[in-house]
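Residue numbers for the sequence shown follow my numbering, beginning at 29 and rising by one.
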Amino acid sequence: MPSRKKSTMYAAAFLTCACSFVIICVVLARQHWVSSEVGFSGANSSATVSITYGLFSGTCQQVVDAGLQVAESAFQVADNLKSTEARSMITAIIVILVLSLLSSLLSCGFTFTNAVSNPYQTFLGPTGVYTWNSSCGILTLLAMILFPVSIEANDLSVELARGCFPFLQAHTDSSHSYGYSYWLMLLIIFQNIASIFIICFYDHARYSKKKEKERPIENAPKDVILF
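And the structure:
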């Protein structure tokens, strides 16, 4: 059985990993990743489309230049995207977050195993915890980078707005505001860092205690050496 200190530290790491797992599920499920105001102009009028979406779904509404709301509708991101590049980028982000979810689940399993037992295999110990927490954090960071790149490089908001209202004409300008679902990914990264820090702290304390018990003989008292 593990010591009480080890169980406590790994239990704390397990809780941070479990919170990370839950938040990744929330991030994937919610549509509040970004809100955009996309402007269009025609021969005699102009219109602004307000659009909020995530990786799977969103809502959009059109407002004409007089300030009158014309229409509001919900949509599926995959249905509104026509370009291969935009579809591929969204698919890649989803795959990356699913891999991050699996890494977080494995981190939960490894920390729980160490909290209740002393695994014989090296990789099931701290090495495995470091590996899966690092993987989860890196993958989440990659998703955070790719999403705004997709918005700017592929005109994602413009394409989704045209999917909602096909009759829109020339695009004039766009502004973007990232929602809580996007920024929650920062919390996932911080939680993975916290898990790694907890295990590093425990390992360092254990290593220092072990070294104290294995002092070199030259540090021993002279009477003990003579004996």
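Glycine residues also receive a C-beta, built at the ideal position from the N, C-alpha and C atoms.
Bear in mind that the values here come from a model prediction, so they are computed numbers and not experimental data.
{"Query": "I179 beta carbon less than 8 Å from that of V62", "Result": "yes"}
{"Query": "Helix, strand or coil at S205 [DSSP, three-state]", "Result": "strand"}
{"Query": "Which of helix, strand or coil DSSP assigns to F255", "Result": "Confidence at F255 is low in this model, with a pLDDT of 44, below 50, so the placement of that residue should be treated as unreliable; the coordinate-derived value is given next. Coil."}
{"Query": "Beta-ladder partner(s) of F140, from DSSP", "Result": "For F140, which the question treats as bridged, DSSP gives no partner whatsoever."}
{"Query": "Whether S202 touches V92 by CB criterion (8 Å)", "Result": "no"}
{"Query": "Assumed close pair L212, I51 - CB separation to whole angstroms, cut-off 8 Å", "Result": "5 Å"}
{"Query": "Endpoints, the alpha helix (DSSP H) within which F175 is located", "Result": "154-181"}
{"Query": "Every unbroken beta strand (DSSP E) inside the stretch 48-109 [3 residues or more]", "Result": "62-69, 74-81, 85-92, 97-104"}
{"Query": "Candidates S111, L215, Y38, G86: closest to A181 by CA position", "Result": "S111"}
{"Query": "For E100 and G114, the rounded distance between their alpha carbons", "Result": "According to the sequence displayed, residue 114 carries Ala and not Gly. About 23 Å."}
{"Query": "Inter-stretch contact (C-beta, 8 Å, three-pair minimum) for the stretch 206-223 and the stretch 157-166", "Result": "yes"}
{"Query": "Start-to-end residues for the alpha helix (DSSP H) that takes in S31", "Result": "First-last for S31: undefined, no H or E at that position."}
{"Query": "Nearest to T76 (by Cα), restricted to the options L130, S185, F42", "Result": "S185"}
{"Query": "Minimum C-alpha distance to T141 - residue among S64, G156, C228, I224", "Result": "G156"}
{"Query": "Straight-line gap, L109 to N146 (C-alpha atoms, nearest Å)", "Result": "50 Å"}
{"Query": "Buried versus exposed call for A102 [16 or more other C-beta atoms within 10 Å across all chains shown]", "Result": "exposed"}
{"Query": "Buried versus exposed, by CB contacts within 10 Å (16 or more), F68", "Result": "buried"}
{"Query": "Selection from F84, C88, F42 that minimises the alpha carbon distance to V54", "Result": "F84"}
{"Query": "DSSP-derived helix/strand/coil call for I245", "Result": "Its pLDDT being 49, under 50, I245 is placed unreliably by the model, and the measurement read from it follows with that caveat. Here I245 sits in helix by DSSP."}
{"Query": "Buried versus exposed call for Y81 [16 or more other C-beta atoms within 10 Å across all chains shown]", "Result": "buried"}
{"Query": "Secondary structure of F42, DSSP reduced to three states", "Result": "helix"}
{"Query": "Distance CB(C192)-CB(S132) smaller than 8 Å", "Result": "no"}
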